[in-house]
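Sequence order for the protein chains is A and B. Heads up: the first sequence is residues 0 to 246, going by numbering that gives the first Met the number 0. Heads up: the second sequence is residues 0 to 138, going by numbering that gives the first Met the number 0. Each residue gets a CB set at the ideal place from its N, CA and C atoms; glycine is no exception. Here the structure is laid out as structure tokens; the discussion comes afterwards.
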Amino acid sequence: MAEKRITIRTTRFDPDKDKVPRLQSYDIPFSDDSMVVLDALNHIKAHVDGSLSYRWSCRMGICGSCGMMVNGVPKLTCSAFMRDYWPRSITVEPLQNFPIVRDLVIDMEDFMHKLKSIKPWIIRKQEYPLGAGEHRQTMDQIDEFRQFSECINCMLCYAACPVYGLNNEFLGPAATALARRYNLDSRDQGLKDRLPVLANSEGVWECSFVGECSVVCPKGVDPAKAIQQTKLDTTTRFVLPYGNREE
Amino acid sequence: MTEGDEAEASTGATPRVYKPEMPRGWWLRRRHYLLYMVREFTAVPMALWLLWLLAEIHRAASGPKAYYPAASPAFIVFSVICLGFAMYHSITFLSLAGVIIHLKFMGKPVPPRTIVGAMFGLWLVASVVIAAVLIGFAR
Ligand code: SF4
Ligand code: FES
Numbered sequence: 000m001a002e003k004r005i006t007i008r009t010t011r012f013d014p015d016k017d018k019v020p021r022l023q024s025y026d027i028p029f030s031d032d033s034m035v036v037l038d039a040l041n042h043i044k045a046h047v048d049g050s051l052s053y054r055w056s057c058r059m060g061i062c063g064s065c066g067m068m069v070n071g072v073p074k075l076t077c078s079a080f081m082r083d084y085w086p087r088s089i090t091v092e093p094l095q096n097f098p099i100v101r102d103l104v105i106d107m108e109d110f111m112h113k114l115k116s117i118k119p120w121i122i123r124k125q126e127y128p129l130g131a132g133e134h135r136q137t138m139d140q141i142d143e144f145r146q147f148s149e150c151i152n153c154m155l156c157y158a159a160c161p162v163y164g165l166n167n168e169f170l171g172p173a174a175t176a177l178a179r180r181y182n183l184d185s186r187d188q189g190l191k192d193r194l195p196v197l198a199n200s201e202g203v204w205e206c207s208f209v210g211e212c213s214v215v216c217p218k219g220v221d222p223a224k225a226i227q228q229t230k231l232d233t234t235t236r237f238v239l240p241y242g243n244r245e246e
Numbered sequence: 000m001t002e003g004d005e006a007e008a009s010t011g012a013t014p015r016v017y018k019p020e021m022p023r024g025w026w027l028r029r030r031h032y033l034l035y036m037v038r039e040f041t042a043v044p045m046a047l048w049l050l051w052l053l054a055e056i057h058r059a060a061s062g063p064k065a066y067y068p069a070a071s072p073a074f075i076v077f078s079v080i081c082l083g084f085a086m087y088h089s090i091t092f093l094s095l096a097g098v099i100i101h102l103k104f105m106g107k108p109v110p111p112r113t114i115v116g117a118m119f120g121l122w123l124v125a126s127v128v129i130a131a132v133l134i135g136f137a138r
């Protein structure tokens, strides 16, 4: 039987030579049904063109570094099975809405900055001395935020968000989900530190609820829910007399 | 890159990056985006209808003699369409409440279904009250 083959088109962009990115086609063997799009890129890099650049690390949907547009949809390429596309060709492009550094590699500086701005760590008004032991939590208290702590910072939600695409100042889905993750944590007391970033005009109110972030999220984080909950939260805090209570 | 993206590679300082721009037709690219745009668009006829309502209230303020309600078939058709849009917005909005509102009762989270049910119940009560007031006034 003739060997199964598949056409992969990938974005190529060399900042030293190219003015604009272009697409290049590769015809490669599709030898095994368990192949994912990342395997195809690795095949191209190993056997066809060693200069193809892209990010990846874990190959198991954990590290969040292999996000790219696969046939126009943001995907973790290590979890996108080629059998779901074959015999159609597959077009791999860098994550939408981000500047392109080279080939499939995007500049994630903006996301890193946003992530840092919501202070994604446990803030205490006063740290316990180490000897005082751990902060205890019940299962119910963990369940409050567990979903939002599943985020792997893959940025697929930013690539899916047209609001972010039109206005890069928007805080965006994952950063809000992570802010919520810490605000809901019974050990955290940092709400007041995060509110200015969440409630300002480029914060949650910029969101017009397209909802695509939650559709593409590979971890079921549901950032759209985090954003709408934060809208409700900041409003009640503003409107209700006890809303500004210390927590 | 896909067509429609406007090109611009930044010059000068390294590293040079390419900043793609959103193509004008971004909302035609995915079904979900299109549905979102349709949803947003339905607000326009609703706003027009509400403006019309304001105009009617204004006319009604100068007494029953000066008042004549809009009753042309075209206006009725338009109103029915707007009612459909308004129902669509209300139902999707209230159904979302189950996802968004987090309530606890005696230490246990209230199930989303109960919250959505309560929302629809309140909606019904509010509608009945408003209808009663309007009918009361009309008598
Ligand atoms: S919220 Fe989901 S899509 Fe967004 S960065 Fe986190 S894991 Fe990725
Ligand atoms: S390579 Fe780590 S998530 Fe895909």
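Does the distance from the C-beta atom of A/R21 to that of A/R8 stay below 7 Å? Taking the first residue of the first sequence as position 1, residue 21 of chain A is located at position 22. Taking the first residue of the first sequence as position 1, residue 8 of chain A is located at position 9. No, the Cβ-Cβ distance between A/R21 and A/R8 is not below 7 Å.
Anything in chain B within Cβ reach of A/F12, meaning under 7 Å, just list it in chain order. Position 13 of the first sequence, counted from the start, is the residue given in the question as residue 12 of chain A. Near A/F12 (Cβ distances below 7 Å), the residues of chain B are Y17.
Would a check of beta-carbon distances place B/L88 closer than 7 Å to chain A? The count along the second sequence starts at 1 and reaches residue 88 of chain B at position 89. The residue asked about is misnamed: residue 88 of chain B is His in this sequence, not Leu. False, the Cβ-Cβ gap to chain A never drops below 7 Å.
Identify, in the order they occur along the chain, each residue of the same chain with its Cβ nearer than 7 Å to the Cβ of A/K218, setting aside the five sequence neighbours on each side. The residue you call residue 218 of chain A lines up with position 219 of the first sequence. Cβ neighbours of A/K218 beyond the five flanking positions: E149, C150, I151.
Nearest to B/Y66 (by Cα), restricted to the options B/L33, B/A46, B/L34, B/A54: To locate residue 66 of chain B, count along the second sequence from 1; it is residue 67. It is B/A54.
Please work out which residues of its chain come closer than 7 Å, Cβ to Cβ, to A/P98, disregarding the five sequence neighbours upstream and downstream, and give them in chain order. In the first sequence, residue 98 of chain A corresponds to position 99, counting from 1. Result list for A/P98: I105, D106, in chain order.
Can you give me the Cβ contacts of A/R180 inside the same chain, cut-off strictly under 6 Å, excluding the 5 residues immediately before and after it? Mapped onto the first sequence, residue 180 of chain A falls at position 181. Cβ neighbours of A/R180 beyond the five flanking positions: F144, F147, S148.
Extent of the continuous alpha helix (DSSP H) to which A/L22 belongs: Start at 1 with the first residue of the first sequence, and residue 22 of chain A comes out as number 23. A/L22 -> not in any alpha helix (DSSP H); beta strand (DSSP E) instead, spanning 21-28.
Could one say the Cβ of A/G202 lies closer than 7 Å to chain B's Cβ atoms, at least one of them? Taking the first sequence and counting its residues from 1, one reaches residue 202 of chain A at position 203. Look at A/G202: its C-beta is not under 7 Å from any C-beta on chain B.
Return no unless some Cβ of chain A is closer than 7 Å to the Cβ of B/I99. Walking along the second sequence from the start, residue 99 of chain B turns up at place 100. Interface residue, yes.
Beta-carbon gap between B/S94 and B/V115 smaller than 7 Å: For the purposes of this step, residue 94 of chain B is identified with residue 95 of the second sequence, where counting begins at 1. For the purposes of this step, residue 115 of chain B is identified with residue 116 of the second sequence, where counting begins at 1. Pairing B/S94 with B/V115 gives a Cβ-Cβ distance under 7 Å.
Compare the C-beta of B/Y67 against all C-beta atoms of chain A and say whether one is closer than 7 Å. As a first step, residue 67 of chain B is located in the second sequence; it is residue number 68 there, counting from the start. Not an interface residue.
Any residues in the region 76-108 of chain A with a beta carbon nearer than 9 Å to a beta carbon of chain B? Which ones, in chain order? The region 76-108 of chain A vs chain B, Cβ under 9 Å: T90, E92, P93, Q95, N96, F97, P98, I99, V100, R101, I105, D106.
Under a CB-based cut-off of 7 Å, is B/W51 close to chain A? Numbered from its first residue, the second sequence carries residue 51 of chain B at position 52. At a cut-off of 7 Å, the C-beta of B/W51 has no neighbouring C-beta in chain A.
Return the chain-ordered list of same chain residues with a C-beta closer than 6 Å to the C-beta of A/G257, the five sequence neighbours on each side being excluded. The displayed coordinates of chain A run from 0 to 246. Any statement about residue 257 of chain A would go beyond what the structure contains.
Completely contained alpha helix (DSSP H) runs for the region 35-116 of chain A, where each covers 4 or more residues: As far as the region 35-116 of chain A is concerned, its whole alpha helix (DSSP H) runs of at least 4 residues are 36-42, 108-116.
So A/L165 contacts chain C; which residues on that side make the cut at Cβ distance below 8 Å? You won't find chain C in this structure, because its protein chains are A and B.
Establish whether the CB of B/W122 and some CB of chain A are separated by less than 7 Å. Working through the second sequence from its first residue, we reach residue 122 of chain B at position 123. No - not a single Cβ of chain A is within 7 Å of the one on B/W122.
With a CB to CB cut of under 8 Å and the five nearest residues on each side skipped, what residues in its chain are close to A/G66? As a first step, residue 66 of chain A must be located in the first sequence, where it is residue number 67. The residues are P73, K74, L75, T76, L94, C153, M154, L155, A158.
A/T233: first and last residue of the uninterrupted alpha helix (DSSP H) it sits in: As a working note, residue 233 of chain A is residue 234 in the first sequence. Unbroken alpha helix (DSSP H) run through A/T233: 222-238.
Give the interface partners of B/W225 over in chain A, defined as CB-CB distance under 8 Å, in chain order. Given a span of 0 to 138 for chain B in the structure shown, any question on residue 225 of chain B remains unanswerable.
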